[in-house]
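Residue numbers (the working numbering): 151 to 1111.
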């Protein structure tokens, strides 16, 4: 008798037939080299690759989707073709390069990143996605023989800064190249696959919701591990809200939160006097995994105050608790670099050792071998000894501020099981092969560069997806630390929500547009851009919007009937009422605008050294202008107040136009961060204010407006007369008609808005491209040829070879000749202004430059940037970010041969950040050295600058050539 889980005879026959076919195929040979059986989704995707189809694989983190990309690499080598394996980050590129080199031999594998080129013509090349994009635009010979491109972490195309590169590559790859796209689970995989089918041809969409290692969700309350859900619910059992048909039980569609956690949250709310939304979802008993019992039993033996026993566990306590439950190795995600480093120090200070004597000897050997070439003079600056001590204990941090080679050592030791607790920022979740048994989230919010925001369900899944090592762990564990105010229902929402769509961030850039113009001309380029995923999504959304318009038009017809008046045209009457209301509110706005304009004009006239009265804002009082801002559209002069605080003034900080009360001298080397400089300057301000000739402003807030308000008042009076004279004004049902009219008007505005949205989404990418080309034409980067077709000018040809967020500004700087008088160290320092982006807004005066030539070059680029922003505003294009000076001195010192300590002295820059930015400077210098029609000697200066920068920790890498 056959049981339900036993294959039928026909299924066994088909399986045997498939095995026979595989035995004589490339896939069969590939499988023979594996020490495990392929999952169904892996097998399905590999068969599609073998058949010559493109493939999109969407599966959870850790499910093993990279095996499909590895099969494409294997196929290329077997068939004598080339394969490119692209990744979003250099660390992942380095990792795949080492894996493939070990598997297929170093002679068959190359690596190309912005600053590294190893064996570029090998049949298998691992690279960052930007490198492949640059190859396509340059029509590189390296593309010859290319048959497969693997795009790992393809969901990165949603990234608002870099995502467009993925779409550029997918659109522009030769049609004969098969694209294998590997993505995290997204709810619109079918939509993305449909787009791939339109631009790449036949594409198989393979989606798996299954995690090979079950993932259990917990909350750590002090040192107790408590199940998040009341029922036996693992990751796979939670219903994915993806639009696909999934059979689930009612419990898994809406998993219940553990009643103990809800009770704790309610007791906290009562003790602190806060309201609570807990309890909307039911509780229930433990699902029997054993982690809840100690919490339930010990709760009554602790301090009766909930805050006494529900404080967050310390980091050493968390690690010890996980160790006692055999849940190490663990990755603790902390959204702060400094906190990651502090966590290692705290655990070390608590006497935590997670390694044996033999393991410590192995760690010491590996670390010392990997860092043998590091200059001793740099080790103290890099925090080498503290880092090494943490590793010996089995502890490590992992974040972007670390030296790349340090991170690689941490990754190697963690994968080897020698490091058992890593404290990391979210960058670790971006595809690096570094799984753990347990993932801990210290908190569920992060700083996004502008504000602290809660993490999304997609981010939660990406982070916790690291838990559970396939082939090692029976199950993985995700742990959220309980803190006062934790909402278990919200945590459950993050853990159970499975909807995270992939949305395009594509938009035409200057470099992209001019390269497309050069290759395809304007007309064809527009059609190419309309094939982007962004336009594909926009077009699909238009269908639903059009349906909404039709429905609303039917409602509008009904409203028109309801407001019909027997005395006259009520629509006409309602229009008069709206006009009167608009005029009354408009008069008030007009006065406010005149006031703002007058204040802005007065601020634009301020000069450095002017003493002024700041009449509003948080710190009113006298101040001295340090940074005039006369060229900005909305001036924000920088001032030093009598409270010794530097700040930028806004229009809201004053009640009326600002006038200079007097003038004081600001020393050339003045630094608002130096207390003595501030004291001396403010003393001069006080002396100036004490002079009898100074005319102090009136405290009155009176402000005379330009023009007369009489015309507005007259228009309002006329409308009121017309309103009273209208026949409908005397209707007994007037207000009832008016309510229907208001509904009609509100719906009409909403409907018109939807119609505008439809118009905006139709051909939106092509229209943006037109605006980009118009701006480039205004600068002379594209010109008409004799046949009337737009082609790149000589300046435009230079722009074609410049890649980066400030591409057009760089090209304008080249044209201006701002690089001409700079030597190699000055050039390296100057390039930082076009690359570097500080993590926070820099305040204060522009720093003094190391040389006169550099000072002039910086002045040039700031003026060019200001004019470019004006042009971008007028063309309704995104604004190019401001050049930043925060790295100039450090790079200048490093290029002069100074030590790492000297280069970083006086800055808050981490050594890892300095190395990362230096490599980006090297990358841009390499681009500049290759631009066509460069000034005499410029190419040589660029190469010399690269030589000066590529030394010491910058040149140091664990990736061997």
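Idealized CB from N, CA, C, for every residue including glycine.
- By the Cβ criterion, the region 893-907 is not in contact with the region 658-665, since fewer than three pairs of Cβ atoms, one from each stretch, lie closer than 8 Å.
- Separation of residue 189 and residue 360 (C-alpha to C-alpha, rounded to the nearest whole angstrom) is 10 Å.
- Annotation: the continuous alpha helix (DSSP H) that includes residue 887 extends over 884-911.
- Per the coordinates, the alpha-carbon of residue 1057 lies some 18 Å from the alpha-carbon of residue 1071.
- DSSP links residue 230 through a beta bridge to no other residue.
- DSSP places residue 716 in the coil class of the three-state scheme, outside both helix and strand.
- Annotation: the continuous alpha helix (DSSP H) that includes residue 1041 extends over 1038-1045.
- Secondary structure note for residue 915: its alpha helix (DSSP H) is the uninterrupted segment 914-928.
- Considering only 912, 551 and 651, the residue with the shortest C-alpha distance to residue 685 is 912.
- Cα atoms of residue 713 and residue 721: separation of roughly 8 Å, rounded to the nearest angstrom.
- Between residue 588 and residue 478, the C-beta gap is smaller than 9 Å, which places the two residues in contact.
- In the three-state reduction of the DSSP assignment, residue 331 falls in the strand class, which pools E and B.
- Ranking 296, 221 and 337 by CA distance to the CA of residue 208 puts 337 first.
- Burial check for residue 769: the Cβ neighbour count within 10 Å stays below 16, so the residue is exposed.
- Cβ-Cβ separation between residue 572 and residue 481: approximately 5 Å, consistent with a contact (criterion under 8 Å).
- According to DSSP, residue 1013 shares a beta bridge with no other residue.
- Residue 1066 carries a helical assignment under DSSP once its states are collapsed to helix, strand and coil.
- Boundaries around residue 536 are those of the alpha helix (DSSP H), 534-542, since no beta strand (DSSP E) includes it.
- Secondary structure at residue 592: coil, using DSSP grouped into helix, strand and coil.
- When the beta-carbon positions are compared, residue 266 and residue 312 stay at least 9 Å from each other.
- Nearest neighbour of residue 528 by Cα position, chosen from 1067, 406 and 1062, turns out to be 1062.
- Per the C-alpha coordinates, the member of 505, 381 and 591 positioned closest to residue 483 is 591.
- Looking at the backbone, the Cα of residue 873 and that of residue 884 are separated by about 12 Å.
- A residue is called buried when at least 16 other Cβ atoms come within 10 angstroms of its Cβ; residue 350 meets this threshold and is buried.
- Burial check for residue 725: the Cβ neighbour count within 10 Å stays below 16, so the residue is exposed.
- Take residue 305, set aside five residues on each side of it, and the residues of its chain with a beta-carbon closer than 7 Å to its own are 333, 334, 336 and 652, in chain order.
- Judged by DSSP in its simplified three-state form, residue 602 adopts strand.
- Rounded to the nearest angstrom, the gap between the Cα atoms of residue 576 and residue 545 is 18 Å.
- Spanning the alpha carbons of residue 214 and residue 191 requires a straight line of approximately 10 Å.
- Of the residues assessed, residue 781 falls on the exposed side of the cut-off, its CB having fewer than 16 other CB atoms within 10 angstroms.
- When the beta-carbon positions are compared, residue 1027 and residue 921 come within less than 9 Å of each other.
- Close CB contacts of residue 951 within its chain, under the 8 Å cut and outside five residues either way in sequence, are with 288, 1077, 1080, 1081 and 1082 (chain order).
- Inclusion of residue 535 and residue 371 in the CB contact set at 9 Å is not warranted, their separation being larger than that value.
- By the neighbour-count definition (other C-beta atoms within 10 Å, threshold 16), residue 491 is a buried residue.
- With contacts defined by Cβ atoms closer than 9 Å, residue 560 and residue 548 form a contacting pair.
- Annotated three-state conformation of residue 792 is coil, per DSSP.
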